[in-house]
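Engineer: Under my numbering, the first residue of the sequence shown carries the number 455, and numbering increases by one thereafter.
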Amino acid sequence: MKKLPAILTSWFCIQLAFLATAQERTLTNLYDGWKFFKGAQEKGAALDLDDGAWQAVTLPHDWAITGPFILDGDGNTGKLPWKGEGWYRRSLDIPAALAGKHIYLIFDGVMAFPKVYINGKLAGQWDYGYNSFYLDITGFVNPGGANLLAVHADTRQHDSRWYPGAGIYRKVQLLVVNPVHVDVWGAYVTTPIVKPHYADVRIQTTINNFSENTDSIRLIHQLVSPEGVVVASGETSGSIRARDTKMLETTLTLSNPRRWDIEDPALYEVRTRVRVGGEDVDTYTTPFGVRTIRFSADNGFYLNDRRVQLKGVNLHHDHGPLGAAFYPRAMERQLEAMKATGVNAIRNSHNVAAPELAELCDRMGLLLFDEAFDKYDGKADITEETDFEEFAHRNIRNFIVRDRNHPSVFIWSVGNEIGDVQWNLNNGFQRLHTMLNFVNKYDPTRPTTLVNDSQESAKLRHFDYYDVHSWNYGRRYRLARQMEPNKSVIISESASTLSTRGFYEFPLPEEKTNFTRSLQISSYDLNAPLWAEVSDDDFMWQQEEPYVAGEFVWTGFDYLGEPTPYDNNSIKEMGLTGRDASRSSYFGIVDL
């Protein structure tokens, strides 16, 4: 009998070991079996409600994308009927064998203000429609009995300047674990020392002990290479009191690490087994990458000690005719198209993205400018009743903890064009300071930034609070650079060149804001809105100023809403009576 190659044998043994314990943790996607009702329901979560006439839907689901268009509606949000409320219901299969287990629901995103009911009782709620959240529903379910999950989404208080979508537009998962388990997003892997011949891998694991006993815990870690080979292992232990949570830490040494890079996006894994009394009670896998990042005030951005010019694009979260409903393949297709044009970085403008975006960037070798909010002084699901500090803590915590193991993420942005911060209105600087403190609490390893659009606001020195200058359009960053030359600069939005695919017109425009009356814009790329520039000018400026780390073009793809220059008001000003404003943007390198 021929012997198996050593690598294959090692891989086979790893798989057997982890398959043997797979029943300890199950994660189920809840795509099917949903019923949907658009509108108010006084007893939408009631067990005895007859939902037989409700619409059968699958997730992800954007209730507004099927229209109909609102002809006199707001072109900035796509003229689609996203304002309103809706209900979702489905049964949950919780077998009697799961009694004693711990059960979570994980929502990647619900637009907006979701309330989640189990068997008619409110199990939890969230506010920020773009963020992921999870709920412990253990005390609400009936193992072996009937279980009803109902979700109410309400966009009436949500404000937006692009098309936001509506409903459960990202995936929902059911997580079942033993009482002692790794918390949701509970592993934090960093590489504090990276040298040519070795790297230290620090593993911080948050363990929940929801049993009634104080337990001695052993964590057994394996580092698995991109080729699937165990290349290092170790363990740590500790005692966790009943009904308590504890973080356990250990550091492993990785020899001759293969670095994650845009040219070679090598991904390692930490595979963790949780052992109590000689029995494995949980397994958890954490992908990560070994790489170094830094900014130079004079020379921009460095990845693995090599200067890399950020050649980025902004991407909004919708996918044209799919609406806000998130399909990983639709996102992957966009990234493939961008990478083929030479793009090496993505900015998820201007909100927490679906978790798959960072996963795809990791795998495809794209850097990610990870952004949390747009205009949280008025457009981030904050109402008059909102406790800002509590809102910021919850949402920054979920945003950072969910994404912090991804090597593609090279900077955290807490917001875009926050007027209150730029001009220090309504405690703007204090709110910024609060946000950044929470970011650094959950990940002190990456730089932070805030995106600005007002050059004059630099005189107030809001940039003293964060690490990297980020400015939108033209050369507005130059005043901030003069005032604080010890920080690098990112052009977080550039160009905003306007065009319609396949449409060409003579004579060429004498000014960038000379637009045709045909609701089309020439593809010669000589038009831009008043606040922006054509692409060639932005490219030229970067060549002249090496301290600029790079740019993010607005935008990689067209998106629903913001139909500059043909929005409702512009149509009226141009005297185009009887013409309907556009429903999607003209900014994209790639048209819808």
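Beta carbons: idealized from backbone N, C-alpha and C, even for Gly.
In chain order, which beta strand (DSSP E) runs of at least 3 residues are fully inside the segment 535–561?
Structural biologist: The segment 535–561 contains these whole beta strand (DSSP E) runs: 539–545, 556–561.
Engineer: Return yes when the Cβ of V868 is within less than 7 Å of the Cβ of L904, no when it is not.
Structural biologist: Yes. Within cutoff.
Engineer: Tell me whether the segment 873–882 and the segment 831–840 touch, counting them as touching only if at least three CB pairs, one residue from each stretch, are closer than 8 Å.
Structural biologist: At 8 Å Cβ cutoff, the stretches touch.
Engineer: Rounded to the nearest angstrom, what separates Y623 and L776 at their Cα positions?
Structural biologist: Near 10 Å, if we compare the C-alpha coordinates of L776 and Y623.
Engineer: Whose C-alpha, out of T705, R745, N891, is nearest the C-alpha of D718?
Structural biologist: It is R745.
Engineer: From I548, D772, Y722, D669, pick the residue whose C-alpha is nearest to that of A696; which is it?
Structural biologist: Among I548, D772, Y722, D669, the Cα nearest to that of A696 belongs to D669.
Engineer: Okay, do the segment 632–649 and the segment 659–674 touch, 3+ Cβ pairs below 8 Å being the bar?
Structural biologist: Touching, per the Cβ criterion.
Engineer: In whole angstroms, what separates the C-alpha of K941 from that of P1000?
Structural biologist: The straight-line gap from Cα to Cα measures roughly 12 Å.
Engineer: Given a cut-off of 7 Å on the beta-carbon distance, is the pair A641 and T737 in contact?
Structural biologist: Against a cut-off of 7 Å, the Cβ pair of T737 and A641 comes out as no contact.
Engineer: Is N849 helix, strand or coil when you go by DSSP?
Structural biologist: Helix at N849.
Engineer: Candidates F755, P711, Q996: which alpha carbon is nearest I647's?
Structural biologist: Among F755, P711, Q996, the Cα nearest to that of I647 belongs to P711.
Engineer: I need the boundaries of the alpha helix (DSSP H) containing Y931, first residue and last residue.
Structural biologist: Y931 -> alpha helix (DSSP H) spans 931–937.
Engineer: Report back the beta-carbon spacing between S946 and Y958 to the nearest angstrom; my notes put them in contact at under 8 Å.
Structural biologist: Wrong, their Cβ atoms sit about 31 Å apart, outside the cutoff.
Engineer: Kindly indicate which residue of A518, N483, S691 has the alpha-carbon position closest to the one of G732.
Structural biologist: Comparing Cα positions, the closest option is S691.
Engineer: I'd like to confirm the pairing. Which residues does DSSP put opposite L602 in its beta bridges?
Structural biologist: S545, per the DSSP bridge assignment.
Engineer: State the Cα-Cα distance for the pair R930 and G754, rounded to the nearest angstrom.
Structural biologist: Each residue's Cα considered, the two are about 17 Å apart.
Engineer: Which of the three DSSP states is assigned to T452 in this structure?
Structural biologist: Look at the range of the chain in this structure, 455 to 1046, and you will see that residue 452 is not part of it.
Engineer: Tell me which residue opens and which closes the alpha helix (DSSP H) that M785 is part of.
Structural biologist: 782–794 is the span of the alpha helix (DSSP H), which, as asked, contains M785.
Engineer: Would a C-beta distance cut-off of 7 Å place R955 and G532 closer than the cut-off?
Structural biologist: Not a contact, by the Cβ cut-off of 7 Å.
Engineer: Pull up the DSSP beta-bridge partners for K399, would you.
Structural biologist: What is shown of the chain runs 455 to 1046, which leaves residue 399 out entirely.
Engineer: Determine, using beta-carbon pairs with one atom in the segment 604–622 and one in the segment 1004–1015, whether at least three such pairs fall under 8 Å.
Structural biologist: In short, these stretches touch, since the Cβ pair count reaches three.
Engineer: Between R727, F845, D1045, which lies nearest to F567 when the distance is taken from Cα to Cα?
Structural biologist: Closest option to F567, Cα to Cα, is F845.
Engineer: Skipping 5 residues on each side, what residues in its chain have a beta carbon closer than 7 Å to that of K765?
Structural biologist: So the qualifying residues of the chain are G796, V797, N798, A799, G1004.
Engineer: Over the uninterrupted beta strand (DSSP E) stretch that includes L1082, give me the two end residues.
Structural biologist: The structure shown does not extend to residue 1082, since the chain is modelled only from 455 to 1046, so the question has no answer here.
Engineer: Look up T395 in the DSSP assignment and give the residues it is bridged to.
Structural biologist: Because the chain here runs from 455 to 1046, residue 395 falls outside it and cannot be looked at.
Engineer: Counting only the same chain and skipping the five closest in sequence on each side, list residues whose C-beta sits under 7 Å from that of L970.
Structural biologist: The amino acid at residue 970 is misidentified as Leu; the sequence shows Thr. Closer than 7 Å at the Cβ level, and outside the excluded window around T970, lie E959.
Engineer: What do you get for H651, buried or exposed, if any count of 16 or more other CB atoms within 10 angstroms of its CB means buried?
Structural biologist: So H651 ends up on the exposed side.
Engineer: Which residues in the same chain have their Cβ closer than 7 Å to the Cβ of W714, if we skip the five residues on either side of it in sequence?
Structural biologist: So the list reads A720, L721, G743, V744, R745, P861, once near-sequence residues are dropped.
Engineer: Compute the distance between the beta-carbons of G593 and V767, then report whether it is under 7 Å.
Structural biologist: No, these two residues do not count as a Cβ contact at 7 Å.
Engineer: Express the C-alpha separation of E786 and V943 in angstroms, rounding to a whole number.
Structural biologist: In a straight line, the C-alpha of V943 is about 28 Å away from that of E786.
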